[in-house]
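Chains as they are written, first to last, in the working numbering: chain G, 1064 to 1222; chain Z, 3 to 495. For glycine and all other residues, C-beta sits at the position ideal for the given N, C-alpha and C.
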């Protein structure tokens, strides 16, 4: 008597871990290359996923804005990402994020926004410019540490 | 080479070897043992996915650790295809369920295949979607060439009690999940009406005397509560479909599944990050009470008991108070929210428990209306409740005399001695009632002789299902001739 969704539950959580791990791996590959190497199709998709993840974390669901209406009546469509962690805590846990933000003079909010913009801009470059040397290395380095922090508290098998 | 790179290379090689092994396992499956043709569709899809993954792994070199983890997931899908065998699955049940499936999803590109599950449970999932998720991030999106509207579902049958056929009525609930997704718009509209005051109550509980941090967390908390309640709505919808498809036999099988639960008043909810959803279950007390009440279980059992006494006064059969679930609506239920590591778990658990009495009222009203909505999809039973009770009593008499419960008497002139094939749900109900009355009766010995007696009943029921299915599918020659369709040949002649 297990729900349709439940059948996918352990898989879905594994997918969250995998989602983070493939992005982390791609960031590592981009940061380890110094030349003009192009990104492959899959790596580009991982960076686009990273940009989408940052957008979701930066602007969580607008449920509160709809609180005057029945928030339960929306149906069970794919809700994308519903974090089980405090976004603020996870970013604040990263020494690189704190240091980089201070050096750039960003507030917390602005810092997350800048990381999101840098990732989006890079992954939107025309194919011929999508080379490792054009990557926003400082931002990617910060993001890699944040994602590694998330990975550390996400068990690939169970929560 | 740095140690980390050496390890990555080793993991990648292991993954490639695993992929090769999986391809081999898929090729070795004995397709002649598949219970239905749909297993082959699942096998073909999985072979395509594994092939794509082998190519992409060599070309794009994704994270070997992610690849390794997802291969474990894909292995579960492979296990399901391998376990889809007539060695483990009773074919008449599969045939009956296939018949129901075809009726429910006529004209839809939905297929189902059957497999055995190691758990004491039943389940259904979208195999196509599960494979797509398993490959996500490892192959470029859209590179798995699956037609967009293809949906192969995997229906898992409890292996521990594979011979316990009356439990198969739970499959009605599993089919309900698929119907829920097809009719989610209409179902959600109903839930929207019943949940309005509940939503206001929850919002008030989350915002009254809230600190700044609570207000900051409010959008995510509302989203999580919605996920949990949506999942409960899905479960209750599936219960209503189970009730519609199987009648009181669904109640009996649900009750038997609940025997493995010691906390029938506990509702559970587990949240997941991506994609954001929860899997939540109402407590068994509430579910059984709702099903009993909507299916008219107590009345139905009394009718059967009366009919049975009339048919065979020499063989009294006492049914235990199976439908008695008086405390279900106002019981002392509680909800447990998981995982504890979720930053909002405590708040959500408190708020949901405070709102549970209101939620139960909303769920009850919702379920009754959903039952009416989906009755059109499922179709009304052909026989009246009175006839069903009479038929079940007839099947009970057969079981009591050691005769397979495959046929009930016909009132049609000239057919009195031939009878008509029994309905699937009637056979299940008779089998459940008979077994339950045996188990609860004073003369039943809970030893080897009792085990033999139960095996005997299971054998009779299996035979009853087989024969009734054959009789329905391939009616006698004279019945076919008399059908008025001009045909004088039986299928297979």
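- Under the 8 Å Cβ criterion, the segment 133-147 of chain Z counts as touching the segment 54-67 of chain Z, having at least three qualifying pairs.
- Within chain G, the C-beta atoms nearer than 7 Å to that of residue 226 (chain Z) come from 1145, in chain order.
- At least one CB of chain Z lies nearer than 7 Å to the CB of residue 1149 (chain G).
- Following the DSSP letters along the chain, one finds residue 128 (chain Z) in no alpha helix (DSSP H) but inside the beta strand (DSSP E) bounded by residues 125-128.
- Between residue 153 (chain Z) and residue 123 (chain Z), the gap from beta carbon to beta carbon reaches 7 Å or more.
- Between residue 272 (chain Z) and residue 281 (chain Z), the gap from beta carbon to beta carbon is short of 7 Å.
- Under the three-state reduction of DSSP output, residue 342 (chain Z) falls in the coil class, being neither helix nor strand.
- Under the Cβ criterion of 7 Å, residue 72 (chain Z) is counted among the residues facing chain G.
- Neighbours of residue 344 (chain Z) across chain G, judged by C-beta separation under 7 Å: 1147.
- The DSSP-derived three-state label of residue 414 (chain Z) is coil.
- The segment 347-365 of chain Z makes contact with the segment 189-205 of chain Z; the number of CB pairs closer than 8 Å reaches 3 or more.
- Contact annotation: the segment 1144-1153 of chain G touches the segment 1109-1124 of chain G, with at least three C-beta pairs closer than 8 Å.
- A direct Cα-Cα distance of roughly 49 Å separates residue 1196 (chain G) from residue 205 (chain Z).
- Here DSSP, grouped into helix, strand and coil, assigns residue 476 (chain Z) to coil.
- In this structure residue 1080 (chain G) is buried. Its beta-carbon is surrounded by 16 or more other beta-carbon atoms within 10 angstroms.
- C-alpha of residue 401 (chain Z) to C-alpha of residue 38 (chain Z): approximately 30 Å in a straight line.
- Following the DSSP letters along the chain, one finds residue 160 (chain Z) inside the beta strand (DSSP E) bounded by residues 153-160.
- A contact between stretches requires three or more CB pairs, one per stretch, nearer than 8 Å, and the segment 305-314 of chain Z meets this requirement with the segment 378-394 of chain Z.
- In the DSSP annotation of this structure, the continuous segment of the beta strand (DSSP E) that includes residue 112 (chain Z) starts and ends at 112-119.
- Residue range 279-283 is occupied by the beta strand (DSSP E) that includes residue 281 (chain Z), with no alpha helix (DSSP H) assigned at that position.
- Chain-ordered, the chain Z residues with CB closer than 7 Å to the CB of residue 1078 (chain G) read 135, 138 and 276.
- Ranked by Cα distance from residue 54 (chain Z), the first of Z:33, Z:94 and Z:18 is Z:18.
- Interface annotation for the segment 1081-1093 of chain G against chain Z: 1081, 1082, 1084, 1085 and 1088, criterion Cβ-Cβ distance under 7 Å.
- Under the DSSP assignment, residue 245 (chain Z) falls in the alpha helix (DSSP H) whose first and last residues are 214-248.
- Going by C-alpha positions, residue 472 (chain Z) is about 20 Å away from residue 404 (chain Z).
- By the rule that beta-carbons nearer than 7 Å mark a contact, residue 1160 (chain G) does not touch chain Z.
- Taking 4 residues as the shortest admissible run, the segment 420-444 of chain Z contains the following complete alpha helix (DSSP H) segments, listed from N- to C-terminal end: 426-442.
- In this structure, DSSP gives residue 271 (chain Z) an extended state, which the three-state scheme calls strand.
- The DSSP-derived three-state label of residue 1117 (chain G) is helix.
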